[in-house]
Amino acid sequence: MPFLFILFGIFLYIYFEISLLVSIGSQIGVLLLILLLIGISLLGLWFVKLRGLYTIYSIRSELSQGKIPTQAVIGSLLFILAGVFLIIPGFLSDIIAILLMLPMTRQIAERYLMKFFKAKVRFNHFSSGQFSQQDNNTFDAEFERKQDQDKWIK
Numbered sequence: 097m098p099f100l101f102i103l104f105g106i107f108l109y110i111y112f113e114i115s116l117l118v119s120i121g122s123q124i125g126v127l128l129l130i131l132l133l134i135g136i137s138l139l140g141l142w143f144v145k146l147r148g149l150y151t152i153y154s155i156r157s158e159l160s161q162g163k164i165p166t167q168a169v170i171g172s173l174l175f176i177l178a179g180v181f182l183i184i185p186g187f188l189s190d191i192i193a194i195l196l197m198l199p200m201t202r203q204i205a206e207r208y209l210m211k212f213f214k215a216k217v218r219f220n221h222f223s224s225g226q227f228s229q230q231d232n233n234t235f236d237a238e239f240e241r242k243q244d245q246d247k248w249i250k
């Protein structure tokens with residue numbers, strides 16, 4: 097059943113995207129529409145590249161301070177997702193990308209993702225002290241099985 101909801105959602109997205117493209121294309125013209133889509137896609141590529149470099153810098157900075165970079169990773173993930181939505185041709189995806197870039201909606205999405213990841217990810221802490229203890233009742237030995245060839249059945 098969830099598969100049908102996902103399939104229906106994809107169908108609705110494609111329907112609304114094509115409807116928007118047709119209505120805007122009829123207002124401004126096909127050539128201007130194509131140039132606008134190419135320009136927005138190039139902007140998305142530049143945005144993904146720029147944010148990727150910033151992500152690497154911020155993660156390195158937080159790791160060098162001894163922090164776990166969850167906030168930097170989630171914030172950058174949302175910006176990169178917005179850049180990918182800008183690369184996808186269409187105006188509905190551009191609206192979603194702009195919503196992901198706005199501070200208010202980005203903070204809501206960050207809080208939701210933090211709750212989602214905290215519910216899904218568990219951290220197990222191990223220390224080396226658990227594995228260094230030895231049981232005094234065990235000892236190392238070697239074993240070799242010897243058989244007399246004279247007792248074999250021929």
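Going by our numbering, the letters in the sequence shown line up with residues 97 to 250, in that order.
Even glycine gets a Cβ: it sits at the ideal position worked out from N, Cα and C.
When DSSP states are grouped into helix, strand and coil, Q203 belongs to the helix group. Within the same chain, S172 come within 6 Å of T151 by CB-CB distance, once the 5 residues on both sides are set aside. Straight across, the Cα-Cα distance linking E206 with E238 is about 59 Å.
Distance check between L133 and each of L195, V169 and E113 places E113 closest, using alpha-carbon atoms only.
Inter-residue distance for I194 and G162 is about 33 Å (C-alpha atoms, whole angstroms).
In this model, K145 and I176 are separated by some 9 Å (Cα to Cα). Of the candidates L141, L149, S157 and F187, F187 places its Cα closest to the Cα of Y109. Taking the CA atoms as reference points, I183 sits about 8 Å from D190.
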